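Chemist: Dumping the structure here so I can ask a few things about it.
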Amino acid sequence: MKLELRDLRHVYARGTPFEVEALRGVSLVVEPKEVLAIVGGTGSGKSTLVQHMNLLLVPTSGQVLVDGADATTLRRSELRRRVGLVFQFPESALFAPTVEEDVAFAPRQLGLDEEEVRERVRQSLRALGAGHLAGRSPFALSGGEKRRAAIAGVLAMRPEVLVVDEPTAGLDPLSREELLDLILGLRESGVSVVLVSHDLDEVAEVADRVCVLHEGRVSAVGTPAEVFYGDPTQAPATVRVTSLLRGSRPEIGDPVRSQETLDALRALQGT
Amino acid sequence: MQNPGEWTRPGGSFAVSCERVSYSYPGSGRPALSEVSLDLRQGEYVGVVGPNGGGKSTLVRLLNGLLRPESGRVLVTGRDPATEPFEVRKHLGVLFQNPENGLVAPFVEDDVAFGLENLGVPREEMLGRVARAVRAVGLEGYERREPHTLSGGEKQRVALAGLLAVEPEILVLDEPTSMLDTAGRREVLEYLKDLHSEKTVLHVTHHLEELTGADRILVLNGGELVADETPERFFSNADLLRENRLVLPVVPRLALKLGFPPAKLSTPEELAEAILARTQSGTRSR
Amino acid sequence: MTTRGLGQFYPLSSPVHALDPRAKLLATAVFVVGLFLVDSTMGLLFVAASLVALVVVSRIPAGTFLRLLRPVLFIVALTLLFQVFFSREGVTLFEWGFLEVHSGGLRLGFFLALRLLLLVSSAGLLTATTAPVALADGIEDLLSPLKRVRFPAHEVAMMMTIALRFIPTLGEEAEKIKGAQAARGADFTEGGPLRRARSFLPVLIPLTVGAFRRADELADAMESRGYRGGEGRTRYRELRFRVSDALALSLTLFLLVVGILL
């Protein structure tokens with residue numbers, strides 16, 4: 001599906017002394033089968049933005065369009081099935097006595113029959129490499145395991161767009177890599193992933209497009225190369241290295257991922 | 272690096288020492304720590320890494336007396352944390368992973384004063400120490416802020432100020448940046464860096480780039496101390512890294528693959544410089 | 558979105574706000590006791606006028622203050638109506654089928670309703686003009702003589718300040734969990750009261766579990782920072798009893814005596 005945000009504005013606490021304009025006219029498109037990264041510092045509006053994608057938050061002005069249709073005209077439950085949202089530290093919302101019961105929550109809310117629910121639970125847990133955790137209590141798991149269970153819970157809805165807010169926060173480096181591989185795998189299977197992240201190195205490895213938010217506005221959007229070489233001071237480590245060399249050695253090109261950066265640097269050294 | 276006269280109690284030439292320490296959590300099958308021995312000299316900066324569940328957090332809690340070893344001996348400035356926890360905590364402060372759940376008071380300055388209140392420091396003296404600690408972490412102006420209005424990096428700095436106010440010689444950092452975003456991490460590390468020269472620091476982390484300046488890196492895996500290496504040797508040992516579920520950060524990894532010493536080059540700027548230097552001088556390898 | 562501790566504190570600068578919380582706590586206690594000793598309508602009206610004057614001095618806007626009273630309006634109205642229609646004292650003013658309104662009932666009704674309002678208003682004024690932290694400190698100080706009979710005054714105060722510190726945090730956490738479950742299709746608005754209550758389980762359970770975990774981590778952090786109860790502890794925040802506080806207390810006492818005598 002094509003998810004479009006058109007000129008989105010969002011004002012919190014309107015009319016009170018605490019009024020704050022978190023989004024000041026953001027327009028963005030999420031294409032099918034892509035990994036779109038949304039980056040920006042604290043206060044840039046990232047979390048506010050993604051909560052509009054499944055209408056957990058309603059825009060003060062502007063539109064959210066799903067395949068051209070206004071999202072507010074869709075049934076909420078339908079929209080939330082198609083656009084899955086995983087919050088930061090999602091494991092804090094685990095509540096059922098067993099992992100499989102917890103993952104079953106969303107499919108059950110959709111009104112699916114028990115057999116379908118069980119199948120979805122099985123598949124989602126497997127996709128997250130968490131099949132062996134099915135019968136365990138979510139409260140007895142390690143941080144990384146809880147994270148997987150929580151994400152499986154959203155994946156069980158089989159969304160067309162999966163929005164993940166800082167999915168690797170607090171994880172050890174290897175679990176991080178495993179999760180990023182999963183994200184790439186999801187894209188392969190046809191799901192679009194909107195990845196909100198502050199970690200530019202991780203964005204460099206998985207994003208097809210990057211959108212930079214600054215103080216509630218889009219300050220840049222495009223391919224990782226376009227965005228990061230456009231402002232190498234706010235770029236992943238790979239780009240920061242190569243951009244310092246481009247002046248004297250332009251043949252280095254514009255690699256972003258670590259493998260292509262390594263190849264370019266090796267070529268430069270003649271090794 | 273012994274300080275004559277300091278810590279003249281038995282075992283007192285080290286800031287921290289563990290002798291064959293073991294600990295198992297109640298109800299757990301396997302030991303969290305098994306016969307671990309290590310020493311920290313005064314002024315050293317030592318990193319501790321290893322997979323989750325490998326014993327790192329248990330070690331931290333044994334050092335400050337939250338846990339008592341089943342066997343073996345722990346000494347901090349010559350004292351046993353299990354029998355003299357209050358004393359030990361004057362000399363050893365711990366910065367925990369989750370800043371949110373370490374902030375106890377409704378305002379920043381009150382929280383920074385918490386440790387001093389516990390020690391019974393007179394109020395007049397507290398005022399100065401709190402002000403100095405707040406300055407040391409760059410949070411002047413934040414004194415009357417409420418904790419829930421702060422960013423992660425700011426919260427962790429408040430926690431750090433609270434530790435510094437007590438003026439311990441030893442700081443134990445238990446994954447202090449793992450819940451922070453890039454900006455927060457940078458903030459906290461900046462202020463931690465200043466402390467290496469004055470204090471003995473034990474830094475538990477997953478982020479190896481934080482340990483490039485360490486004197487040594489200890490590896491805890493499965494409750495055992497499996498390695499004790501310099502950063503240089505550690506970063507170059509791919510097997511050791513893999514076995515312990517560790518990943519080199521981007522720059523050192525590139526550096527290693529390009530034939531540079533990985534621990535010496537931790538920032539993109541340093542790597543770029545090294546590459547330029549090499550390509551200009553025309554040499555292929557060093 | 559900010560949640561202000563107990564939600565009723567209205568930070569302003571006024572002579573009432575500036576008073577020591579202990580003075581205010583004592584004055585409120587004296588007020589409440591004294592209120593039950595006033596038995597004439599004249600006396601009660603005098604006390605009411607004094608309270609109104611205090612609210613004016615505190616600079617709290619009338620509208621805000623009246624809003625504080627909203628939760629009790631129902632009970633006050635009920636009290637009034639009950640007395641008006643069911644008391645048989647005094648002269649009959651009019652009848653309407655089996656409902657009779659007597660002068661005595663009218664008088665008593667207004668008296669009781671007014672007293673109730675004044676009771677709640679005094680508590681409201683206290684919390685509106687005193688920061689929650691100051692209240693906790695004040696309570697700790699006032700209760701500390703009870704330490705001699707083993708009453709855990711310090712622990713009670715510490716519990717209060719910690720609760721105050723975490724209320725906004727837990728509020729944010731609850732919002733977040735609610736959002737997460739809504740994103741999974743949870744609907745908190747549908748069905749009757751029982752169904753709706755059950756739909757909150759996916760929020761309450763993780764919130765409670767999370768709160769316990771927080772408590773554990775907090776306890777570790779506090780212990781690590783040398784906390785071992787109130788023994789030997791000094792305090793950073795200072796409460797200083799000044800002349801103005803003594804004056805305020807005496808004034809309260811005086812006004813009440815006048816009211817009782819009237």
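Protein chains in written order, with our numbering: chain A, 1 to 271; chain B, 272 to 557; chain C, 558 to 819.
Just so you know, even glycine gets a beta-carbon here, dropped at the ideal spot from N, CA and C.
All figures in this text were calculated on a predicted structure; none of them were measured in a lab.
May I ask you to report which of helix, strand or coil DSSP gives A605/C?
Modeler: It is helical.
Chemist: Roughly how many angstroms separate the alpha carbons of V734/C and L764/C, rounded to a whole number?
Modeler: Note on residue identity: the sequence assigns Ile, not Val, to residue 734/C. In a straight line, the C-alpha of I734/C is about 8 Å away from that of L764/C.
Chemist: Any residues in the segment 773-796 of chain C with a beta carbon nearer than 8 Å to a beta carbon of chain B? Which ones, in chain order?
Modeler: So the close ones are E774, L775, D777, A778, M779, E780, S781, R782, G783, Y784, R785, G789, R790, T791, R792, Y793, R794, E795.
Chemist: Does the segment 330-337 of chain B come into contact with the segment 357-375 of chain B, if we say contact requires no fewer than three beta-carbon pairs (one atom in each stretch) closer than 8 Å?
Modeler: A contact exists between the segment 330-337 of chain B and the segment 357-375 of chain B.
Chemist: The alpha helix (DSSP H) with R80/A in it runs from where to where?
Modeler: First-last of the alpha helix (DSSP H) with R80/A: 76-82.
Chemist: Counting only beta-carbon atoms, is L721/C nearer than 7 Å to chain B?
Modeler: With 7 Å as the cut-off, L721/C counts as an interface residue toward chain B.
Chemist: Rounded to the nearest angstrom, how far is the Cβ of E417/B from that of F378/B, given a contact under 8 Å?
Modeler: Right, the Cβ-Cβ distance comes to about 6 Å (below 8 Å), so this counts as a contact.
Chemist: What do you reckon, is the C-beta of G343/B under 6 Å from a heavy atom of the ligand SAH?
Modeler: For the structure depicted, the ligand SAH is absent and the ligand set is empty, with no information on it obtainable.
Chemist: Pull up the DSSP beta-bridge partners for S250/B, would you.
Modeler: Beyond the ends of chain B as shown, which are 272 and 557, falls residue 250/B; an answer cannot be given.
Chemist: Between G564/C and chain A, is the shortest Cβ-Cβ distance under 7 Å, so that the two count as touching?
Modeler: Unreliable placement is indicated for G564/C, whose pLDDT of 49 sits below 50; no coordinate value is reported for it.
Chemist: Does E290/B come out as helix, strand or coil in the three-state DSSP assignment?
Modeler: Reduced to three states, the DSSP call for E290/B is strand.
Chemist: Quick check on the burial criterion: 16 or more other C-beta atoms within 10 angstroms. Buried or exposed for M599/C?
Modeler: Result: exposed.
Chemist: Would the segment 172-187 of chain A count as touching the segment 10-24 of chain A if we require 3 or more Cβ pairs under 8 Å?
Modeler: Output reads no: the segment 10-24 of chain A does not touch the segment 172-187 of chain A.
Chemist: Count the other CB atoms, across all protein chains shown, that sit within 10 Å of the CB of T560/C; report buried if there are 16 or more and exposed otherwise.
Modeler: Note on T560/C: pLDDT 37, under 50, position unreliable in the model; the coordinate value appears next. The residue in question, T560/C, is exposed, as its Cβ has fewer than 16 Cβ neighbours within 10 Å.
Chemist: Taking one C-beta from the segment 189-205 of chain A and one from the segment 245-259 of chain A each time, how about it: are there three or more such pairs within less than 8 Å?
Modeler: Yes: at least three Cβ pairs fall under 8 Å.
Chemist: Can you say whether K464/B is buried or exposed, counting buried as having 16 or more other CB atoms within 10 angstroms of its CB?
Modeler: It counts as exposed.
Chemist: Give the DSSP-derived three-state secondary structure of S197/A in the structure shown.
Modeler: S197/A: coil per DSSP, three-state reduction.
Chemist: Please list the residues of the segment 314-347 of chain B that have a C-beta atom closer than 9 Å to any C-beta atom in chain A, keeping them in chain order.
Modeler: Listed in sequence order: P322, N323, G324.
Chemist: Which partner residues of V161/A appear in the DSSP bridge assignment?
Modeler: Bridge partners of V161/A: V83/A, S192/A.
Chemist: Answer with yes or no whether the minimum CB distance from A454/B to chain A is below 7 Å.
Modeler: Interface residue, yes.
Chemist: Note the first and the last residue of the continuous alpha helix (DSSP H) segment covering G399/B.
Modeler: Run containing G399/B: 394-407, per the alpha helix (DSSP H) assignment.
Chemist: 7 Å is my cut-off, CB to CB: does P275/B come that close to chain A?
Modeler: Unreliable positioning characterises P275/B in this predicted model, as indicated by a pLDDT of 43, which lies under 50. The coordinate reading is nonetheless provided below. By this cut-off, P275/B is not an interface position.
Chemist: Report buried or exposed for A740/C, applying the criterion of at least 16 other Cβ atoms within 10 angstroms of its Cβ.
Modeler: By the neighbour-count rule (16 or more Cβ atoms within 10 Å), A740/C is buried.
Chemist: Strictly under 7 Å for the Cβ-Cβ distance: is T279/B near chain A by that measure?
Modeler: Confidence in T279/B is poor, its pLDDT being 43 and thus under 50, which makes the residue's placement too unreliable to answer from.
Chemist: Can you give me the C-alpha to C-alpha distance between G247/A and A543/B, rounded to a whole angstrom?
Modeler: When rounded, the distance between both Cα atoms is 12 Å.
Chemist: Between which two residues does the alpha helix (DSSP H) containing I252/A stretch?
Modeler: Counting along the chain, I252/A falls outside any alpha helix (DSSP H), and DSSP gives it neither H nor E.
Chemist: Taking all protein chains shown into account, do 16 or more other C-beta atoms lie within 10 angstroms of the C-beta of S556/B, making it buried, or fewer, making it exposed?
Modeler: At S556/B, the pLDDT of 49 sits below 50, so the modelled position is not reliable; the number obtained from the coordinates is stated separately. Flag for S556/B reads exposed.
Chemist: If you draw a straight line from the C-alpha of S308/B to the C-alpha of G343/B, how long is it?
Modeler: Taking the straight line joining both Cα atoms gives about 9 Å.
Chemist: Are the beta-carbon atoms belonging to V26/A and L8/A less than 7 Å from one another?
Modeler: Cβ distance < 7 Å, so V26/A and L8/A count as in contact.
Chemist: If the cut is a Cβ gap below 8 Å, which residues of chain C does Q154/A touch?
Modeler: First, the residue type needs correcting, since residue 154/A is Val and not Gln in the sequence shown. What V154/A touches in chain C: A740, R741.
Chemist: My understanding is that P443/B touches V522/B, with C-beta atoms under 8 Å, so please give their C-beta distance in whole angstroms.
Modeler: Just to set this straight, residue 443/B is Val in the shown sequence, not Pro. With a Cβ gap of about 27 Å, V443/B and V522/B do not count as contacting.
Chemist: Report the neighbours of L393/B on chain C: residues whose CB is nearer than 7 Å to its CB, in chain order.
Modeler: Strictly speaking, residue 393/B in this sequence is Pro, with Leu absent from that position. By Cβ distance, chain C contributes T791.
Chemist: Bridge partners for H474/B per DSSP, in chain order?
Modeler: The partner list for H474/B (beta bridge, DSSP) reads G318/B, L444/B.
Chemist: Near I719/C, which residues of its chain fall below 8 Å by C-beta distance, leaving aside the five closest residues on each side in sequence?
Modeler: Excluding positions up to five away in sequence, the list reads L775.
Chemist: May I have the straight-line CA-CA distance separating A584/C from T809/C, to the nearest angstrom?
Modeler: Rounded to the nearest angstrom, the two C-alpha atoms are 6 Å apart.
Chemist: L594/C to Q109/A, Cα distance in whole Å?
Modeler: Computed Cα separation, rounded: 59 Å.
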